[in-house]
Amino acid sequence: MAEQVTYPSISEKNWWTIREKFKSSLPATVSANYIKTLLTLGSEDSAKSNVILPMKRLGLIDENNKPTQLANDWRLDDKYKATCEIMIKSVYSQELLDLFPDENFDRNSVNGWFMGHGVGSGAAGKMTALFALLRSGEIKDIQSQKTSNAKKPTTKPKSSTKLKALEDDHTNNQDVTETPVSKTTNNIGNRPNLHIDLQIHISPDSTPEQIETIFASMAKHFYGVENS
Numbered sequence: 027m028a029e030q031v032t033y034p035s036i037s038e039k040n041w042w043t044i045r046e047k048f049k050s051s052l053p054a055t056v057s058a059n060y061i062k063t064l065l066t067l068g069s070e071d072s073a074k075s076n077v078i079l080p081m082k083r084l085g086l087i088d089e090n091n092k093p094t095q096l097a098n099d100w101r102l103d104d105k106y107k108a109t110c111e112i113m114i115k116s117v118y119s120q121e122l123l124d125l126f127p128d129e130n131f132d133r134n135s136v137n138g139w140f141m142g143h144g145v146g147s148g149a150a151g152k153m154t155a156l157f158a159l160l161r162s163g164e165i166k167d168i169q170s171q172k173t174s175n176a177k178k179p180t181t182k183p184k185s186s187t188k189l190k191a192l193e194d195d196h197t198n199n200q201d202v203t204e205t206p207v208s209k210t211t212n213n214i215g216n217r218p219n220l221h222i223d224l225q226i227h228i229s230p231d232s233t234p235e236q237i238e239t240i241f242a243s244m245a246k247h248f249y250g251v252e253n254s
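The numbering used here puts the first residue of the sequence shown at 27, with every later residue one more than the last.
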């Protein structure tokens, strides 16, 4: 296996955040606490290993953590591409540059090249990302991205959710309104229907008037019907 060679890696987000800060005010010293605070990192050790050391390797800060002339040029838009080319030539092996001479390259191949020099896939992926960033030499407008990201969390998801809720509510209302309800009515108010079997024993001696009185009494007590 090839001897392990460590190449720098800085996340794209951190790269542009640092450059944007340098554009507004070039610090006298890039301390671990400066980087930790600027990038909201968890510790100064993380700032040293993930940012300060790579920046030193790229030539952006010197051994005393002071920004170099290259860092001053790096923050200027009209010199950005040239500084990227300087960093590429000073950091990467000639073999890598010969294999991938321009920005249009296969990332998997570059990733494999870094892994072939003794690093894991995760570290190789980060190295490849920075190599691609330098190779492109293109400036990313971080302010425009921030504005774009700020506009993304709109009320659209909430509106969609609200609209869905309204649609569901409308559907539910329709279900309630349109669902037929079986009702049994009769011509005697809203009383419940009753089925009663009656056995009436009428004496053969009863007169028609007595029989009429019996049925009239039944109608009154069972159905609330009064004879007019």
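Cβ atoms here follow ideal geometry from the backbone N, Cα and C, with glycine treated the same way.
Count the C-beta pairs between the stretch 75-91 and the stretch 52-59 that are closer than 8 Å, then say yes if the count reaches three, no if not. yes
The ligand NAD and Cys-110: does the residue's C-beta get closer than 6 Å to at least one heavy atom of that ligand?
In the structure on display, the ligand NAD does not appear, and there are no ligands present to speak of.
- Per-residue DSSP class, three states only, for Ile-36: coil
- Message: So, under 8 Å CB-CB, Ala-73 and Lys-62 are touching, yes? Tell me the CB distance rounded to an integer number of Å.
- Response: 4 Å
key: CB of Asn-130 within 7 Å of CB of Thr-154, strictly   = no
* Asked: Under a Cβ-count criterion, where at least 16 other Cβ atoms within 10 Å of its own Cβ denotes burial, should Pro-230 be classed as buried or exposed?
  -> exposed
- Message: Check whether the stretch 156-170 and the stretch 32-41 are in contact - that is, three or more C-beta pairs closer than 8 Å.
- Response: yes
Let me know the secondary structure DSSP gives Ile-87 once reduced to three states. strand
- Query: Would you report the Cα separation of Lys-92 and Arg-101, rounded to the nearest angstrom?
  - Reply: 15 Å
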